[in-house]
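Read the structure below first, then the notes.
2 protein chains.
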Amino acid sequence: MSARGPYAKGIAKREQILEIALDLFAQKGYDRVSVREIARESGLSQAGLLHHFSTKEELFLEVLRRRDDRDGDPVEHRHIHSVEHLIGAVERNASEPGLVRLFVSMSAESTDEASLAREFFVSRYQWLRDEVATDIRKLQASGEAPESLDPDAVASILIAAADGLQLQWLLDKDTVDMGVLMTTLWDSLRQSH
Amino acid sequence: MSARGPYAKGIAKREQILEIALDLFAQKGYDRVSVREIARESGLSQAGLLHHFSTKEELFLEVLRRRDDRDGDPVEHRHIHSVEHLIGAVERNASEPGLVRLFVSMSAESTDEASLAREFFVSRYQWLRDEVATDIRKLQASGEAPESLDPDAVASILIAAADGLQLQWLLDKDTVDMGVLMTTLWDSLRQSH
DNA sequence: GTCTATATTTTGATAGAC
DNA sequence: GTCTATCAAAATATAGAC
Chain D
658 MSARGPYAKG IAKREQILEI ALDLFAQKGY DRVSVREIAR ESGLSQAGLL HHFSTKEELF
718 LEVLRRRDDR DGDPVEHRHI HSVEHLIGAV ERNASEPGLV RLFVSMSAES TDEASLAREF
778 FVSRYQWLRD EVATDIRKLQ ASGEAPESLD PDAVASILIA AADGLQLQWL LDKDTVDMGV
838 LMTTLWDSLR QSH
Chain Y
658 MSARGPYAKG IAKREQILEI ALDLFAQKGY DRVSVREIAR ESGLSQAGLL HHFSTKEELF
718 LEVLRRRDDR DGDPVEHRHI HSVEHLIGAV ERNASEPGLV RLFVSMSAES TDEASLAREF
778 FVSRYQWLRD EVATDIRKLQ ASGEAPESLD PDAVASILIA AADGLQLQWL LDKDTVDMGV
838 LMTTLWDSLR QSH
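If you read the protein sequences in the order shown, they are chains D and Y. Start counting at 1 in the first sequence, then tack on 657, and there's your number in my numbering. Start counting at 1 in the second sequence, then tack on 657, and there's your number in my numbering.
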């Protein structure tokens, strides 16, 4: 897939806009960023930006989809999610407060029934719970996790803890160590009977 | 403390505005509610409302403080928070999606460094963690919780799970049973060694 | 305490030139 | 593909009458 051709310039600009929009949405939230501001940071006029994404919401949804892909190799991300990966992602997120804020604020906004992002987050959580629950069943089969655990319940709980700890961490980064706490939780669950 | 006197009318109106603002912020989030809208629902003009709260942010902060008080008896709320209370609050919240949404979206907004609500949530989490950790120490002393648990870590984790489960529940109310999952988590932790 | 009227900004989006 | 110019709608906040 060459980057050359008649569309190369447009595609490159699109990528740049998406990067900048990601950062701005992460910093300030959807409603507090104007298209003008994203355009200015991208070295474009507002109308120039709206040539690439004809509405603000279209740009926003594209940014959301992109966020998932940045969590490491997209292929790996999509196919071998596990408890270990979940904890690893939380640990890595401690170096990316902007991304964490994007996720926290966008997922909160998505709870609005009318939000365009709602569908995105609903299916994302369904998928995530499924991946983690499947991994737990695998660990039970190999004796690495106790049979007493309910895989679906524990999957929900681990994901919930990850989200909640990210929120606490954003508010008090020195007090809350997300990675350590996730490990503590998983160790405790594995040692329950 | 009588409700009579020269200020009775103003105070009553203030209360009414706060109730309505609470509901609207909960439904739509801070940025998507206008002062005009709150005023209209309160039977006032915009200028009439701004006589009671001179800026939108002032009104918002007042609503936030009020939210805490609605979580049951304020006195009890403030003085005997415990693991049991935390789980009970989550269970009760399943009948109040509006309030849950308010909390989720307002806490997410508060992660903005410049947010006026930030200070409110930072101190709220510090206080909550402290209350829950203290309760866990008490349970350990009476033999109702294993000594192997780190009270501060478990407090953070339980609160995080509560927040994260509320988010998942808002997005998929039929699949996620917050109360059951919180109980599952706490039981597992108590049975770990 | 509440109103009408208005100042001032800012927003998302479009039209049309180049 | 990007610009300038512009529109229409909304927002917060204030001034001043009653």
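A virtual CB, placed ideally from N, CA and C, is assigned to each residue, including glycine. Computed from a prediction, not measured in an experiment: that's the story for all the values here.
Trp826 of chain D sits buried, since 16 or more C-beta atoms from the chains shown fall within 10 Å of its C-beta.
In the pairwise beta carbon analysis, the region 819-838 of chain D is classified as touching the region 773-783 of chain Y: at least three pairs are separated by under 8 Å. Under the three-state reduction of DSSP output, Ser699 of chain D falls in the coil class, being neither helix nor strand.
Residue contact with chain D for His738 of chain Y: absent (no Cβ-Cβ distance below 8 Å to any residue of chain D). Around the beta carbon of Gln823 of chain Y, 16 or more other beta carbons lie within 10 angstroms, which makes this residue buried. For the region 755-769 of chain D, the set of positions with a beta-carbon nearer than 9 Å to some beta-carbon of chain Y reads Val757, Arg758, Val761, Ser762, Met763, Ser764, Ala765, Glu766, Ser767, Thr768 and Asp769 in chain order.
When secondary structure is reduced to three states using DSSP, Ser764 of chain D falls in the helix class. Contact of Gly836 of chain Y with chain D is not assigned, every C-beta pair being separated by 8 Å or more. DSSP, reduced to helix, strand and coil, places Ser849 of chain Y within a strand of the structure shown.
Distances from the alpha-carbon of Ala774 of chain Y to those of Y:Lys713, Y:Ala751 and Y:Asp820 put Y:Lys713 closest. Per DSSP, the unbroken alpha helix (DSSP H) holding Phe777 of chain Y starts and ends at Arg775 to Ala798. Glu788 of chain D and Glu694 of chain Y have their C-alpha atoms roughly 43 Å apart. The residues Ser699, in chain order, have a CB closer than 7 Å to that of Gln673 of chain Y in the same chain once the five nearest residues on each side in sequence are set aside. At a cut-off of 8 Å between beta-carbon atoms, Val779 of chain D makes contact with chain Y. Counting the other Cβ atoms within 10 Å of the Cβ of Ser805 of chain D gives fewer than 16, which makes it exposed. When 7 Å is used as the limit between beta carbons, Arg689 of chain D is near these residues of chain Y: Asp688, in chain order. For the 8 Å CB-CB criterion, Val720 of chain D and Leu679 of chain D form a contact.
With at least 16 other beta carbons inside 10 angstroms of its own, Asp792 of chain D counts as buried. Within chain D, the C-beta atoms nearer than 8 Å to that of Asp829 of chain Y come from Val779, Tyr782 and Gln783, in chain order. Linking Gln797 of chain Y to Pro803 of chain Y through their CA atoms gives a straight-line distance of about 6 Å.
At least 8 Å separates the beta-carbon of Leu815 of chain D from that of Val761 of chain D. For Ser691 of chain Y, there is no enclosing alpha helix (DSSP H), as DSSP marks it with neither H nor E.
The Cβ of Leu718 of chain Y sits no closer than 8 Å to any Cβ of chain D.
One thing to note: Val690 of chain D has its Cβ no nearer than 8 Å to the Cβ of Leu706 of chain D.
Looking from the CA of Leu681 of chain D, the closest CA among D:Thr840, D:Asp820, D:Ala696 and D:Lys670 belongs to D:Ala696. In the three-state scheme derived from DSSP, where H, G and I count as helix and E and B as strand, Pro803 of chain Y is classed as coil. Collapsing the DSSP output to three states places Thr840 of chain D in a helix.
The DSSP-derived three-state label of Val720 of chain D is helix. Closest by C-alpha distance to Ile668 of chain Y, out of Y:Ser752, Y:His709 and Y:Ala683, is Y:His709. The distance from the Cβ of Gly821 of chain Y to that of Ala751 of chain Y is about 15 Å, inconsistent with a contact at the 8 Å cut-off. Burial state of Gly686 of chain D is buried, judged by a 10 Å Cβ sphere holding 16 or more other Cβ atoms. Minimum Cα-Cα distance from Leu842 of chain D among the listed residues D:Leu675, D:Ala771, D:Ser711 and D:Leu743 corresponds to D:Leu743.
The shortest C-alpha to C-alpha distance from Lys670 of chain Y to any of Y:Ala817, Y:Ser702 and Y:Thr840 is the one to Y:Ser702.
Selection D:Arg794, D:Ser813, D:Glu770 and D:Phe778 evaluated against Arg786 of chain D yields D:Ser813 as nearest (Cα-Cα). Chain-ordered listing is empty here: chain Y has no CB closer than 7 Å to the CB of Asp680 of chain D, the nearest sitting near 14 Å. Proximity of Gly705 of chain Y to chain D, defined by a Cβ-Cβ separation below 8 Å, is not satisfied.
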